[in-house]
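So the sequences go chain by chain: A and B. Note that our numbering has the first sequence beginning at 857, numbered continuously upward. Note that our numbering has the second sequence beginning at 34, numbered continuously upward. In this text, a Cβ means the ideal position worked out from N, Cα and C, and glycines have one as well.
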Amino acid sequence: MSLELRNVSKRFPGVLAVDNVSFSAPAGEITGYLGPNGSGKSTTMKMIAGLIEIGSGEILFRGQPIRRDLIAHKQRMGYVPEEPYLYAHLSGLEYLIMVAQLRGLPEKRTAERIDGLLRLLSLHSDRHSPISAYSKGMRQKILLAGALLHDPDLLLLDEPFSGLDVSSALILRSLAQELATRGKVILFSSHELETVERVSSRVVILHRGKVVADDSIEHLRVLRSASSLEDVFSQLVIERDTAAVSREIADLIRA
Amino acid sequence: MNRLQFRVLYREFLFRIVDLELLSAHAEGDSRTLLGQFASLLVFFSVLLGIGAGLWAANVKDDRLPPLMHLIGAWTMEHFLIATTMLAVGLFAVLSWESTFPDRRDVLVLGPLPVHGRTLFLAKVAAVACALGLTVAALHVVAGIAWPLALAQFDTAPAPSLVFDPPLPPVRAADFPSVMDRDIAPMLQRLDLAAADGGAGIVIGISEHGARRIMAYGAAKPDSLFEIASITKTFTALLLARMAVQGQLDLRDPVRDLLPPGAAAAPTGFEITLLDLATHHSGLPRMPDNAGPGYQREAYTGYRASDLHEFIRRHGLAKPADPQFLYSNIGFAVLGAALANRAGAAYPGPSAARGYRPARNRGYRRLPFA
């Protein structure tokens, strides 16, 4: 069981956001999906999640093209988007019940599952408050709970640590590893390279819509003679001297 | 279509349609409270209308108004309720427009879920239809019962049938009086015009190959004097046409050329022509500013030739670059005065001299505004 992208491209008016991307994310491990801003990570995630149409190429899950039966694909997939869009007038509990009903999950078992998730994610005491009153981290946890409710085979995490406190981030990191060991396919996109290095065994690095690296972190470090994933990332996608740019900014605001 | 999904989305969309800022501040996310508040607002308005029905029923005595007036009253109220319903539905549509279509939030929240697009669409349509239905029902829950009960207390005249009379056969002038006697006399009685203040009546004159007949009904007599008001414009325009055909003037002549020397200063730009005045494109106002309000009789009867010339001298005869149509009484008065001056006679002298003579030279009162 794996997720596989074959020559996937996506063009928006005037820009080729994703350019002939191919990689596979096997079950049982966390695949890090990295790239600077505007490199096409979120666009790829949205295509895998079925939110936007695939421009060209094919995305396969369990060997089957996802667009052949998108509804069945969504039944097996959990997605935590980069932006925490929710129905803010609902309470956290109402939102999760709505998600469970739309997924057709059995009522009794789901109620227990929702209750457990809310407790474990420290949201139980706020479950009846409207989401509009939630902090960004709390919204992120609700999204995570919604993505896990149906025990998905494929989990797409797009910047999942955004707004989370240290404790919650540690829980999520461990949770991702635990789910991977239970045979799930996890595609994990983040700018926090240190975290990615800790949880992922292999990474796909995207730059200007193209894949510039697809390998295990260990192998990449050896290849690039780098001490960390951050060094590898810097060599592959950072085109400017960051120290010089920061000096220029400091000079500019002082002038 | 998955029924459970439809129900869940329908409930969600229905709530969002009435998710108005005004109400949600108090509802605090409780959809039942929010819907209840919205319905209460409409029912409150319906109660006000219902109270109006009660007051109307208590104050309007059956014997004080004829059945026809009751019918007109019932129609008026029906129209008001229909118009109110349309207004409420329109207002509702404007307020809920944003939530009627899927937005970015819907795509990101519902997109990753296994929901068919058609389920989403049908749930939206059902929610909008239900919300509109509830709005109309709440708006009429009291008024829709109170007004029919209030109106049912009185006998109303049967509604006139909406059919056209068959075309009448041609009538010779000699037979015309008998036809008019048959048609007009009952109408005058029915409308109770004879009993109106000072009496009311109709005079009809016909002319066929020299045979002339005059018929008078109601308070009018064959030799009654009538103010013919703007009908004089017809005479003025015919006179202008005849003088143009006879070569006495050109329709494109500036009107200033036909007025006494020094009547108005020469404008620097465009000048008002005779054609401009005849077609109400002169840029002159409807009424002169040195007369009373147009709806007062004195504004017409008390206006003298000296007032007219004073207006012309002060206002001038310049034409705007792009004059729009504006029905102008003073414009035709200027035209009449100009034609009279060219013909060397006092208005309405020229028309009378050229054969535009009303029957027996009566029934024609000169009005200064042509």
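Any chain A beta carbon closer than 9 Å to residue i
i: B/Gln70; result: no
i: B/Gln38; result: yes
i: B/Leu42; result: yes
i: B/Leu146; result: yes
i: B/Leu47; result: no
i: B/Asn35; result: yes
i: B/Leu101; result: no
i: B/Ile50; result: no
i: B/Val142; result: yes
i: B/Leu55; result: Unreliable positioning characterises B/Leu55 in this predicted model, as indicated by a pLDDT of 45, which lies under 50. The coordinate reading is nonetheless provided below. No, B/Leu55 lies away from the interface with chain A (no Cβ there is under 9 Å from its Cβ).
Beta carbon of residue i nearer than 9 Å to that of residue j
i: A/Ile886; j: A/Ala1036; result: yes
i: B/Leu341; j: B/Thr306; result: no
i: B/Pro300; j: B/Gly364; result: no
i: A/Ala883; j: A/Met901; result: no
i: B/Ala183; j: B/Ala90; result: yes
i: A/Arg1096; j: A/Leu1085; result: no
i: A/Phe879; j: A/Leu907; result: no
i: B/Val212; j: B/Val204; result: yes
i: B/Asn374; j: B/Glu343; result: no
i: B/Ala1; j: B/Gly251; result: Residue 1 of chain B lies beyond the range of chain B shown here (34 to 403); nothing can be said about it.
i: B/Ile264; j: B/Pro255; result: no
i: B/Pro100; j: B/Phe187; result: yes
i: A/Gln931; j: B/Val41; result: no
Residue i versus residue j: straight-line alpha-carbon distance, rounded
i: A/Lys997; j: B/Leu167; result: 37 Å
i: B/Gln281; j: B/Leu310; result: 17 Å
i: A/Leu949; j: A/Arg983; result: 5 Å
i: A/Leu1026; j: A/Phe1017; result: 9 Å
i: B/Gly302; j: B/Thr269; result: 27 Å
i: A/Thr1051; j: A/Ala1003; result: 21 Å
i: A/Pro937; j: B/Leu143; result: 12 Å
i: A/Ala1100; j: A/Ser1090; result: 15 Å
i: B/His173; j: B/Phe48; result: 21 Å
i: A/Gly888; j: A/Ser1045; result: 6 Å
i: A/Ser1024; j: A/Glu1015; result: 14 Å
i: A/Asp925; j: A/Ser1057; result: 30 Å
i: B/Glu54; j: A/Val1055; result: With a pLDDT of 45 at B/Glu54, under the threshold of 50, the modelled position of this residue cannot be trusted, and the question is left open.
i: A/Pro870; j: A/Gly894; result: The identity of residue 870 of chain A in the sequence shown is Gly, whereas the question assumes Pro. Each residue's alpha carbon lies about 14 Å from the other.
i: B/Asp216; j: B/Phe358; result: 39 Å
i: B/Thr133; j: B/Val161; result: 7 Å
i: A/Ile910; j: A/Leu872; result: 13 Å
i: A/Met954; j: A/Ala967; result: 11 Å
i: B/Gly316; j: B/Arg347; result: 15 Å
i: B/Ala156; j: B/Val127; result: 20 Å
i: A/Glu914; j: A/Asn863; result: 7 Å
i: A/Leu890; j: A/Lys964; result: 39 Å
i: A/Val1093; j: A/Ile1073; result: 16 Å
i: A/Ala1032; j: A/Ile1042; result: 8 Å
i: A/Gly1065; j: A/Leu1005; result: 32 Å
9 Å Cβ cutoff, residue i in contact with chain B
i: A/Met954; result: yes
i: A/Arg1160; result: Because chain A in this structure spans residues 857 to 1111, residue 1160 of chain A falls outside the shown range and cannot be described.
i: A/Glu1086; result: no
i: A/Lys930; result: yes
i: A/Gly934; result: yes
i: A/Gln957; result: yes
i: A/Ala873; result: no
i: A/Leu1000; result: no
i: A/Leu942; result: yes
i: A/His945; result: yes
i: A/Ile927; result: yes
i: A/Glu939; result: yes
i: A/Ala881; result: no
i: A/Ala1032; result: no
Per DSSP, cross-strand counterpart(s) of residue i
i: A/His1063; result: A/Lys1066
i: A/Gln920; result: A/Phe917
i: B/Thr306; result: B/Pro287
i: A/Glu860; result: A/Ser880, A/Leu916
i: B/Met248; result: B/Ile237
i: A/Thr887; result: A/Leu1043, A/Arg1058
i: A/Gly934; result: A/Leu1011
i: B/Val41; result: Per DSSP, none; premise fails for B/Val41.
Mind listing which residues of the stretch 124 to 140 of chain B have their C-beta closer than 8 Å to chain A's C-betas, in chain order? Arg137, Arg138, Val140
Proximal residues, the stretch 1007 to 1028 of chain A versus chain B, C-beta separation under 8 Å: none
Along the stretch 148 to 164 of chain B, where does the CB come closer than 7 Å to a CB of chain A? Name the residues. Val148, His149
Which residues of the stretch 895 to 908 of chain A have a Cβ closer than 9 Å to any Cβ of chain B? Give them in chain order. Lys902, Ala905, Gly906, Leu907, Ile908
Chain B contacts made by the stretch 959 to 976 of chain A, where a contact means CB separation under 8 Å: Going along the stretch 959 to 976 of chain A in chain order, one finds Arg959, Gly960 with a Cβ nearer than 8 Å to chain B.
Relative to chain B, which residues along the stretch 1061 to 1091 of chain A have a C-beta separation below 7 Å, given in chain order? none
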